[in-house]
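S.K.:
2 protein chains.
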Amino acid sequence: MATIYEVSKLAGVSLATVSRVMNNNARVSDKTKQKVLDAMAELGYRPNSIARSLASSRSDSIGILVSELHGPFFGQMMAGIESELRAAGKHVIITTGHSEEDKEKDGIEFLISRNCDAIIAHVEAVSDEYLIELNEGKTPVYLMSRFVEELSEKCISLDNELGGYLATKAIIDNGHQKIAYIAGPQFKADASNRLLGHKRALKESNIEFNEDLFFIGDFKETGGSDGLRYLTKQNEQFTALVCANDEMASGAMKYAREHGFRLPEGLSIIGFDNVIFANYLYPTLTTIDNPVNSMGHMAAKLVLKDVYQKKKLEIERVFEPTLINRHSVANHNN
Amino acid sequence: MATIYEVSKLAGVSLATVSRVMNNNARVSDKTKQKVLDAMAELGYRPNSIARSLASSRSDSIGILVSELHGPFFGQMMAGIESELRAAGKHVIITTGHSEEDKEKDGIEFLISRNCDAIIAHVEAVSDEYLIELNEGKTPVYLMSRFVEELSEKCISLDNELGGYLATKAIIDNGHQKIAYIAGPQFKADASNRLLGHKRALKESNIEFNEDLFFIGDFKETGGSDGLRYLTKQNEQFTALVCANDEMASGAMKYAREHGFRLPEGLSIIGFDNVIFANYLYPTLTTIDNPVNSMGHMAAKLVLKDVYQKKKLEIERVFEPTLINRHSVANHNN
DNA sequence: TTGAAACTTCGTAAATGGTGGCCATTAATT
DNA sequence: AATTAATGGCCACCATTTACGAAGTTTCAA
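Here the protein sequences come in this chain order: P and C.
So for the first sequence, UniProt numbering puts the first residue at 1; every next one is plus one.
So for the second sequence, UniProt numbering puts the first residue at 1; every next one is plus one.
Next up, the structure:
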């Protein structure tokens with residue numbers, strides 16, 4: 001690969017001038033500029049971004065840490081971040097944390113060691129303290145779907161409590177009283193906040209929270225099927241099932257259909273997240289919209305504003321979930 | 001952040017010795033080694049992988065280029081690659097090409113400029129010639145889901161023609177004769193090969209390919225719904241619809257249900273890819289399994305073998321698709 | 001017992017491919 | 001002639017790797 005040195009030689013200018021042309025941060029006459037560009041083209045020169053980054057301690061790349069690379073949730077999130085940043089000429093370096101503390105830390109340290117200009121992380125296993133300390137380092141860290149008081153300026157989050165409330169409220173408004181709940185892993189803040197919202201909605205309608213109608217799943221399809229199997233064995237009737245995410249809802253729907261429930265007449269189900277395929281399930285899934293893609297865009301904008309000094313960007317840090325009515329909830333009123 | 005220099009000072013040894021301890025590629029006495037390790041721990045030292053990469057022109061990271069970050073297909077692919085590489089202590093840098101030539105090239109050049117030790121790319125828009133030339137550079141490039149004769153050693157691909165054949169064959173075996181086809185964008189090799197397979201199956205059963213029962217979609221849900229709308233307006237009867245991927249199949253199913261088709265009695269639909277949610281559609285989607293996750297693992301193994309000299313890995317370069325029978329195809333025999 | 005060969009262990013310094021500050025030089029403008 | 005714009009030339013610097021070679025230590029045959 002050609003180096004800047006060869007370019008300068010071919011163009012008959014100095015190293016500094018080539019660097020100036022590349023970064024166009026200093027005045028260079030059009031004529032010399034053209035000579036340099038021609039030389040670059042002729043040599044097929046591509047700046048070595050590693051060397052560049054080492055010398056300037058910038059990298060024009062942003063690290064992203066997600067729990068998993070697959071699944072509709074993270075896909076939408078990454079896509080949102082990437083498209084916004086790419087439009088601004090920045091690149092993205094993605095790695096995973098698998099919701100395990102060690103791996104999350106490892107991933108973050110990798111991103112830091114790659115001189116990322118900023119990190120956007122969706123972390124679930126590391127502590128708030130760790131994140132606070134991390135933020136004192138030279139690489140700013142932004143958090144997706146997590147709210148840490150001390151870092152409130154750097155969090156893009158969803159009001160999960162409100163979402164949990166809206167889901168259960170929608171069920172209650174349709175006349176249900178016996179309501180089961182399949183939660184997500186409680187160490188995840190999203191999951192525990194959704195549960196809080198669920199409890200608030202119950203309380204507001206004077207429905208008692210019933211431990212026998214409660215199951216903690218894994219946020220995957222199996223969590224939904226396992227959960228529903230467990231719940232049906234508790235000798236407690238219920239007409240509706242609130243699932244803490246759509247994947248568990250789809251698992252529950254499948255299990256329900258295979259075990260003779262009529263949907264939604266026999267069992268109403270509501271999900272959370274409004275992932276793409278919620279609209280393709282049968283019956284189409286009533287759920288709570290989680291605007292992850294927009295949140296990804298917003299996180300990227302926040303980085304552009306803070307780190308790259310793009311001034312006039314409007315930042316919105318807390319997103320509100322909304323109810324998406326489809327056909328998986330039956331009306332039991334009248 | 002502490003540097004190697006500070007570590008060497010604290011440990012009372014030279015820079016080189018610290019480097020040796022880090023890479024343990026040269027003999028260092030246990031005593032000095034311990035001193036160095038202690039100093040590292042005390043300073044919380046983390047090697048700067050950028051500097052390291054510049055000096056050694058290795059990076060222990062592999063570039064991945066996918067078309068999109070979202071969607072079940074790429075998610076599974078990335079996850080497969082990443083988990084295999086991570087287990088080997090390598091990191092992954094992901095970027096996107098959006099199926100556009102410029103962006104794909106840009107992405108590849110970014111990865112090269114980041115000193116990736118290898119690139120695993122799922123590219124659709126760039127030409128074979130470009131890829132061949134690319135491979136003469138110092139960064140080896142591996143191709144996912146694409147077969148280029150000259151680079152056959154570096155391609156992990158699916159026999160899409162066979163898959164296309166199997167799908168249509170399955171439909172024909174169920175007694176269908178009037179078969180519509182919604183293809184993917186024909187500049188994508190996957191899509192055009194699947195179509196070839198479809199035509200082969202038709203020919204084998206002496207069914208003529210009918211232009212009025214053919215639509216080119218975008219590989220997304222809209223492609224399926226738009227396609228089915230178009231097809232129903234052609235005044236040609238058909239009892240089965242072959243879709244070149246599951247997402248279009250789901251779009252078609254939705255459109256069909258909304259327009260009064262009974263599934264699968266009124267219209268049989270088969271997909272391709274066997275993405276996660278195919279199993280959650282209603283009716284569950286009969287489709288062709290595309291083992292992307294395994295292919296991702298295999299691509300990673302290939303890199304480990306070629307680039308990092310892990311010898312005893314078994315490599316399988318061409319994967320065979322298989323038919324997954326579920327409930328979206330009705331039997332019209334007898 | 002001894003001394004040279006062989007091997008360990010570790011330091012020095014160059015190299016990696018750029019950035020960016022400073023000052024000097026040259027050319028164009030006023 | 002003085003000012004200003006457009007370069008060139010130099011050099012320190014970024015954090016690390018790695019050839020080279022200099023000590024120090026072992027081994028072993030004479």
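Positions of the beta carbon are idealized from the N, C-alpha and C atoms, including for glycine.
Nothing here was measured: the structure is a model prediction, and the numbers come from that model.
Excluding the five sequence neighbours on either side, which residues of its own chain have a C-beta within less than 6 angstroms of the C-beta of C:Gly-296, listed in chain order?
M.R.: Its chain contains Met-77, Gly-80 and Ile-81 as the residues whose beta carbon lies nearer than 6 angstroms to that of C:Gly-296, once the 5 sequence neighbours on both sides are disregarded; these appear in chain order.
S.K.: Less than 6 angstroms between C-beta atoms, sequence neighbours within five positions excluded: which residues of the same chain meet that for C:Ser-328?
M.R.: Pro-264, Ile-269, Pro-283, Leu-285 and Thr-286
S.K.: Give me the subset of the stretch 57-71 of chain P whose CB atoms are less than 7 angstroms from a CB atom of chain C, sorted by chain position.
M.R.: Glu-68, Leu-69, His-70 and Gly-71
S.K.: State the DSSP-derived secondary structure class of C:His-91, mapped to helix, strand or coil.
M.R.: strand
S.K.: Since C:Leu-231 contacts C:Phe-215 with CB under 8 angstroms, what's their CB separation in whole angstroms?
M.R.: 6 angstroms between Cβ atoms; contact.
S.K.: Would P:Ile-108 count as contacting chain C if we go by Cβ distances under 8 angstroms?
M.R.: no
S.K.: Tell me whether P:Gly-184 sits in a helix, a strand or coil according to DSSP, three-state version.
M.R.: coil
S.K.: Taking the C-alpha atoms as reference points, what is the distance between P:Glu-320 and C:Phe-277?
M.R.: Take the alpha-carbon of P:Glu-320 and the one of C:Phe-277: they are about 27 angstroms apart.
S.K.: Tell me the DSSP bridge mates of C:Val-66?
M.R.: C:Thr-96
S.K.: Please classify P:Lys-35: is it buried, with 16 or more other beta-carbons within 10 angstroms of its beta-carbon, or exposed?
M.R.: buried
S.K.: With C-beta atoms as the reference, is P:Thr-95 less than 8 angstroms away from P:Phe-110?
M.R.: A distance below 8 angstroms separates the beta carbons of P:Thr-95 and P:Phe-110.
S.K.: Cβ of P:Ala-256 within 8 angstroms of Cβ of P:Leu-281?
M.R.: No. Outside cutoff.
S.K.: What separation, rounded to the nearest whole angstrom, lies between the Cα atoms of C:His-198 and C:Ile-171?
M.R.: 10 angstroms
S.K.: From the DSSP output, which residues share a beta bridge with C:Ala-240?
M.R.: C:Ile-179 and C:Ser-268
S.K.: What number of angstroms, rounded off, separates the C-alpha of C:Ser-294 from the C-alpha of P:His-70?
M.R.: Approximately 14 angstroms between the Cα atoms of the pair.
S.K.: In the stretch 78-102 of chain P, which residues sit with their C-beta less than 8 angstroms from some C-beta in chain C, listed in chain order?
M.R.: From the stretch 78-102 of chain P, only Met-78, Ala-79, Glu-82, Arg-86, His-91, Val-92, Ile-93, Ile-94, Thr-95 and Thr-96 have a Cβ closer than 8 angstroms to chain C.
S.K.: Let me know the secondary structure DSSP gives C:Leu-281 once reduced to three states.
M.R.: DSSP places C:Leu-281 in strand when its eight states are reduced to three.
S.K.: Residue 382 of chain P lies in the alpha helix (DSSP H); which residues open and close that run?
M.R.: Because residue 382 of chain P is not part of the residues shown, which for chain P are 1 to 334, the question remains open.
S.K.: The ligand HEM and C:Tyr-165: does the residue's C-beta get closer than 7 angstroms to at least one heavy atom of that ligand?
M.R.: Among the ligands in the structure shown, none appear at all, so the ligand HEM cannot be discussed.
S.K.: Under 8 angstroms, do P:Ile-156 and P:Met-298 count as touching if we go by C-beta distance?
M.R.: yes
S.K.: By the criterion of Cβ-Cβ separation under 8 angstroms, what are the contact partners of P:Ser-250 in chain C?
M.R.: Phe-277 and Tyr-280
S.K.: What span of residues does the alpha helix (DSSP H) with C:Met-40 cover, start to end?
M.R.: 30-43
S.K.: Mapping the DSSP letters down to three states, classify P:Ile-132 as helix, strand or coil.
M.R.: helix
S.K.: Taking the Cβ atom as the reference point for each residue, do P:Gly-164 and P:Asn-245 lie within a distance shorter than 8 angstroms?
M.R.: no
S.K.: Going by other Cβ atoms of all chains shown within 10 Å of its Cβ, with 16 needed for buried, is P:Thr-239 buried or exposed?
M.R.: Around the CB of P:Thr-239, 16 or more other CB atoms lie within 10 Å, so the residue is classed as buried.
S.K.: Evaluate P:Val-303 with the Cβ neighbour count: other Cβ atoms within 10 Å of its Cβ, from every protein chain shown; 16 or more gives buried, anything less gives exposed.
M.R.: buried
S.K.: Considering only residues of the same chain and omitting the five flanking positions on each side of C:Ala-180, which have a CB-CB separation below 6 angstroms?
M.R.: Non-local beta-carbon contacts of C:Ala-180 in its own chain, meaning distances under 6 angstroms to residues more than five positions away in sequence, involve Leu-213, Leu-231, Phe-238 and Leu-241 in chain order.
S.K.: Thinking just about the alpha-carbon of each residue, which of P:Asn-25, P:Asn-115, P:Asn-331 and P:Glu-211 is nearest to the one in P:Arg-58?
M.R.: Ranking P:Asn-25, P:Asn-115, P:Asn-331 and P:Glu-211 by Cα distance to P:Arg-58 puts P:Asn-115 first.
S.K.: The stretch 282-314 of chain P: which residues have C-beta closer than 7 angstroms to a C-beta of chain C, in chain order?
M.R.: Here the close residues are Tyr-282.
S.K.: Do P:Val-21 and P:Lys-33 come within 8 angstroms of each other at the CB atom, strictly closer than that value?
M.R.: yes
S.K.: When the Cα atoms are used, what is the spatial distance from C:Ala-51 to C:Asn-135?
M.R.: 25 angstroms
S.K.: Kindly list the residues whose CB is nearer than 8 angstroms to the CB of C:Lys-254, restricted to its own chain and excluding five residues on each side of it in sequence; keep chain order.
M.R.: Glu-221, Gly-224 and Ser-225
S.K.: Checking the sheet assignment: what are the DSSP bridge partners for C:Asp-273?
M.R.: C:Asp-289
S.K.: What separation, rounded to the nearest whole angstrom, lies between the Cα atoms of P:Arg-200 and P:Ile-132?
M.R.: Their Cα atoms are separated by approximately 30 angstroms.
S.K.: Roughly how many angstroms lie between the CA atoms of C:Glu-314 and C:Glu-153, to the nearest whole one?
M.R.: 13 angstroms
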